[in-house]
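See below for the structure under consideration.
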Amino acid sequence: MVVALFIIITFSFVPSVYADVSLQALMDESETGEILRLPAGKYSGNVTITKPISIIGEDGVEITSTDHSPVLTIEADNVTIENVSIVDNHKDGDSATIMVNGDNNDFQQISIETTGIGMKLLEAHENRLSEIRITGNGSASLGERGHGIDVWGSHHNTIQFSTFDSVKDGIYVESSVGNQIIENKSNNSRYGFHLMFTEKTMVKGNHASNNTSGIMVMGTEGTEITENRLTHNRKSIQSQGLLLFDVKDAIVTKNELLDNRIGIYAEIAQDSELTNNKMQQNYIGMEFKDSESSRFKQNILRENVIQGQAEASSDNDTNGNYWGDFTGLDTDGDGLSNLSYTVDPFFLTLTSEYPLFQLYFQAPGIEFLKQFMHTPTENCFIDEEPLIAYPLEEDTIEHQGSIKTLLLSIVFVLTSTSMIYIGRKAK
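Sequential numbering from 98 applies to the sequence shown in my numbering.
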């Protein structure tokens, strides 16, 4: 009886034992290269890791903060943290829940609730972050929140398959080289993804929705932005799906920009390529300002209130795009219109000065007034050879055509066989 009671009491309080044990003590007792497996339960944090070990939690492991310092500080290389949840209750928006100062570390399947910065990489290189979920304080103002992941002076890191909600910026990268941001989601924040003074950053396959702006890129060189989906970013009158400011040698391709205030805004963009992007159902499809020596080709702009405008941006290759409100004339069958398409910013200029005129969009009087106003060529966006057909529809039509041809062939063969069979039977 006494033995049974002892066993019941002992095993009933296993989680409490781990909650009372210092996680720092467990770290200190671990050998270099050891795998420390944490049973389900609550652990007190504010731990510093100074040697290469692996910490792998069972489902139900929760680490909580005890003071204003980071819950986990990684000062070693070759550390692995996997399958843990962290609840950081401190109120300082500038402090990090996880601080990473080491290189070549792996972080996987980590859930963080914080009012500050979720993870900060400070001069930390070649780290891999995957399946990180960071939730900020949605009731706090943007200025009071911290970034989901803050990368500063850190090179060649990979952040992928992660989710950010109600933070300042989902992923913020500054003064860093060669980082990859792949297939992440950022919602209800200021900028979904924010690059400042970076080089050779890849932003691929991400989704940013319901933010002030989807992706903000400033002072960068060699940025690649491809296959991202930027939707419903319109919390401000200046909200953009993609904002490019003072960028050089950027490649922006195969992105979808849907239902934003402005689809793509490019200012002081030089030697960059914007190709095969789809801008649809935005208030303004695209806007160029003080940008030169760039290519804007094979893009799709349709169902935008205003397709676009340009200011002091005449020295660009802007031919070969599809405009949903344009009916061209193709006399030589090359798929390009022999009539040019001009995006005149008259209405946008008028409403910027007199906002009430937005009520008269496409009114006959506005169109009549437009005929008497001259817009300088450098403020017009001119496509000398617009695409005649909607590119995606061409693929669909070709596919549908192949199916129809196959079905007709089958029907023809069956009909012919039936007629031959009936004829022979009649004899």
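The beta-carbon is built from N, C-alpha and C at its ideal position, and this holds for glycine as well.
For clarity, every value in this text was computed on a predicted model and none was experimentally measured.
Notebook entry, point to check: Of the residues Lys-148, Ile-334, Glu-482, which one's Cα is nearest the Cα of Ile-178?
Noted result: Nearest in C-alpha terms to Ile-178, of all of Lys-148, Ile-334, Glu-482, is Lys-148.
Next item on the list: Return helix, strand or coil for Thr-448, following the three-state DSSP convention.
Entry: DSSP, read as helix, strand or coil, puts Thr-448 in helix.
Next item on the list: Using 6 Å as the cut-off, classify the Cβ of Thr-350 as near or not near the heavy atoms of the ligand ZN, replying yes or no.
Entry: Judged by which ligands are present, the structure shown has none, so any question about the ligand ZN falls away.
Item checked: Local Cβ density within 10 Å of Lys-394, reported as buried at 16 or more and exposed below that -> buried
Next item on the list: Give the secondary structure of Ala-237 by DSSP, where H, G and I count as helix, E and B as strand, and everything else as coil.
Entry: coil
Next item on the list: Taking 8 Å as the threshold, find out whether the region 358-368 comes into contact with the region 327-339 through three or more Cβ pairs.
Entry: yes
Margin query: Quick check on Ser-113: does DSSP put it in helix, strand or coil?
Written below: With a pLDDT of 41 at Ser-113, under the threshold of 50, the predicted position of this residue should be treated as unreliable, though the coordinate-derived value follows. DSSP places Ser-113 in helix when its eight states are reduced to three.
Next item on the list: Along the alpha helix (DSSP H) that carries Asp-125, what are the first and last residues, could you check?
Entry: Counting along the chain, the unbroken alpha helix (DSSP H) around Asp-125 starts and ends at 120-126.
Check: Per DSSP, Thr-255 forms a beta bridge with which residues?
Finding: Arg-225, Gln-277
Next item on the list: Using only alpha-carbon positions, find the residue among Gln-206, Thr-129, Gly-154, Glu-131 that is nearest to Lys-139.
Entry: Gly-154
Next item on the list: Spell out the partners DSSP gives Gln-377 in its beta bridges.
Entry: Leu-355, Arg-399
Notebook entry, point to check: Quick one: what does DSSP say Leu-371 is sitting in, helix, strand or coil?
Noted result: strand
Checklist line | 8 Å contact criterion, which Met-293 and Gly-267 should meet: CB distance rounded | finding: Not confirmed; about 14 Å, so no contact.
Next item on the list: Inspect the beta-carbon positions of Ile-183 and Met-216 and report whether they are closer than 7 Å.
Entry: Cβ distance not < 7 Å, so Ile-183 and Met-216 don't count as in contact.
Checklist line | Proximity of Tyr-438 and Pro-488 at Cβ, strictly below 7 Å | finding: no
Notebook entry, point to check: How should Gly-430 be labelled, buried or exposed, when 16 other C-beta atoms within 10 angstroms of its C-beta is the threshold for buried?
Noted result: exposed
Check: Opposite Ser-182 in the DSSP bridges: which residues?
Finding: Glu-159, Ser-208
Check: By how many angstroms is the C-alpha of Glu-364 removed from the C-alpha of Ser-236?
Finding: 33 Å
Checklist line | Assigned exposure category for Gly-233 - 16 Cβ within 10 Å defines buried | finding: buried
Next item on the list: Note down the Cα distance separating Val-349 from Ile-246, rounded to an integer number of angstroms.
Entry: 23 Å
Check: Can you check whether the CB of Gly-405 is closer than 7 Å to the CB of Phe-342?
Finding: no
Item checked: With 16 other Cβ atoms within 10 Å as the buried cut-off, status of Glu-450 -> exposed
Notebook entry, point to check: Taking Cβ to Cβ, would you say Arg-287 is nearer than 7 Å to Thr-309?
Noted result: yes
Check: Can the beta-carbon of Glu-223 be found closer than 7 Å to that of Gln-257?
Finding: Glu-223 is not a Cβ neighbour of Gln-257, given a cutoff of 7 Å.
Notebook entry, point to check: Can you tell me whether DSSP reads Leu-453 as helix, strand or coil?
Noted result: helix
Next item on the list: Kindly give me the distance between the Cβ atoms of Lys-375 and Glu-400, rounded to whole angstroms, as I take these residues to be in contact under 8 Å.
Entry: Their Cβ separation, rounded to whole angstroms, is 11 Å, which puts Lys-375 and Glu-400 out of contact at 8 Å.
Note to self: Please return the same chain residues whose Cβ sits closer than 6 Å to the Cβ of Glu-370, not counting the five positions on each side in sequence.
What the structure shows: Ile-348, Arg-392
Note to self: Suppose the cutoff is 6 Å on Cβ atoms and the five residues either side in sequence are ignored; what does the same chain contact list for Asn-416 look like?
What the structure shows: Excluding residues within five positions, the ones whose Cβ falls inside 6 Å are Asp-480, Glu-481, Glu-482.
Checklist line | Straight-line Cα distance separating Leu-426 from Ser-227 | finding: 50 Å
Checklist line | Local Cβ density within 10 Å of Lys-531, reported as buried at 16 or more and exposed below that | finding: Because the chain here runs from 98 to 524, residue 531 falls outside it and cannot be looked at.
Check: Between the beta-carbon of Ser-530 and the beta-carbon of His-252, is there less than 7 Å?
Finding: In the structure as shown, the chain starts at 98 and stops at 524, and residue 530 therefore has no counterpart that could be examined.
Checklist line | Rounded separation between Glu-491 and Ile-403 - CA only | finding: Residue confidence is low: Glu-491 scores 43 on pLDDT, short of 50, so the model does not pin down where it sits. Its coordinate-derived value is still stated next. Straight-line Cα distance between these residues: approximately 25 Å.
Note to self: Less than 7 Å between the C-beta atoms of Gly-243 and Lys-265, yes or no?
What the structure shows: Yes. Within cutoff.
Notebook entry, point to check: Where do the N-terminal and C-terminal ends of the beta strand (DSSP E) with Thr-194 fall, by residue?
Noted result: 193-197
Next item on the list: Measure the CB-CB distance between Leu-133 and Ser-127 and report whether it falls below 7 Å.
Entry: yes
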